[in-house]
Amino acid sequence: MVRLSSDRITVLHSDRDLYEMHSREVTRFAASLVGPSDAADVVHDAMAALIASAALAGADNPRALMYRAVLARAKTVQRSAFRRRGRERRYAENVVSADPEVIPEVARAVARLSPQQRACIFLTYWEDLTPRQVGEQLSIAEGTVKLHLARARQNLREVLDD
0 MVRLSSDRIT VLHSDRDLYE MHSREVTRFA ASLVGPSDAA DVVHDAMAAL
50 IASAALAGAD NPRALMYRAV LARAKTVQRS AFRRRGRERR YAENVVSADP
100 EVIPEVARAV ARLSPQQRAC IFLTYWEDLT PRQVGEQLSI AEGTVKLHLA
150 RARQNLREVL DD
C-alpha cells in the first residue's frame with residue numbers, strides 16, 4: 000500500500016511484512032539483552048503488543064518502534080526474572096531453615112483456600128503475573144483477582160498466625 004502526501008510517498012507495509020523484514024535483526028538485538036533462549040519470545044511478545052496497540056500503522060519509523068518495543072519487553076522479562084530469583088532464593092532459604100512442621104502447616108493452609116484464591120496466589124507469586132494478566136488468564140476481572148488475593152492473604156494470615 001502507498002500513502003501519498005504533498006511532499007513524499009511512503010510505502011506502508013503490513014504488520015507481517017514489517018515483522019518479516021526486521022525479525023532477524025530485532026531477534027539478535029533481543030538475544031543481546033535477554034540471551035538466545037528468551038529472544039524469540041521477547042520479540043513475539045513485543046510485536047503482539049505493538050500490533051494490538053495499532054502503533055505500527057501510523058509510525059514514521061516502524062523499525063525504531065520495533066526496537067523500542069523489544070527493549071521494553073526485554074526489561075520487563077529481566078525484572079520478572081530478577082524478582083522470581085529473589086522469591087525462589089527466599090523460599091529455598093526458608094525451606095532449609097524452617098521447622099519441619101511448618102511446611103505441612105503452610106500446605107494445609109493453602110489447601111484451605113478456594114480454588115480461585117489458590118490460582119490467583121500461584122499466578123501472582125510464582126508466575127509473576129500482574130493482577131490484570133491473572134484476570135486475563137482466568138477470564139475474570141482484575142478487581143476480582145485483587146479481591147481473591149486480599150482474601151487469600153487474610154485467610155493465610157489467620158491460619159498461620161495461630
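One point on numbering: in numbering that gives the first Met the number 0, the residue at position 110 of the sequence shown is 109, and numbering is uninterrupted.
C-beta atoms are modelled at their ideal positions from N, C-alpha and C, and glycine is treated no differently.
Keep in mind the model is a prediction, meaning the values are calculated, not measured.
A80 versus L155: straight-line alpha-carbon distance, rounded: Position 81 of the sequence shown holds residue 80. Position 156 of the sequence shown holds residue 155. Cα to Cα, the separation comes out at about 26 Å.
Between the beta-carbon of T123 and the beta-carbon of V133, is there less than 9 Å? Here residue 123 corresponds to residue number 124 of the sequence shown, with the count starting at 1. Here residue 133 corresponds to residue number 134 of the sequence shown, with the count starting at 1. Yes, the Cβ-Cβ distance between T123 and V133 is below 9 Å.
Helix, strand or coil, according to DSSP, for I139 in the structure here? For the purposes of this step, residue 139 is identified with residue 140 of the sequence shown, where counting begins at 1. It is coil, neither helix nor strand.
Since V41 and R72 should fall inside the 8 Å C-beta cutoff, what is the C-beta to C-beta distance between them, to a whole number of angstroms? Here residue 41 is taken as the residue at index 42 of the sequence shown, counted from 1. Here residue 72 is taken as the residue at index 73 of the sequence shown, counted from 1. Their Cβ separation, rounded to whole angstroms, is 5 Å, which keeps V41 and R72 in contact under 8 Å.
If we ignore side chains and look at the alpha-carbon of each, how far apart do E141 and P130 end up? Taking the sequence shown and counting its residues from 1, one reaches residue 141 at position 142. Taking the sequence shown and counting its residues from 1, one reaches residue 130 at position 131. Going from the Cα of E141 to the Cα of P130 covers about 6 Å.
I need the straight-line Cα distance from A48 to L64, nearest angstrom please. Mapped onto the sequence shown, residue 48 falls at position 49. Mapped onto the sequence shown, residue 64 falls at position 65. Computed Cα separation, rounded: 11 Å.
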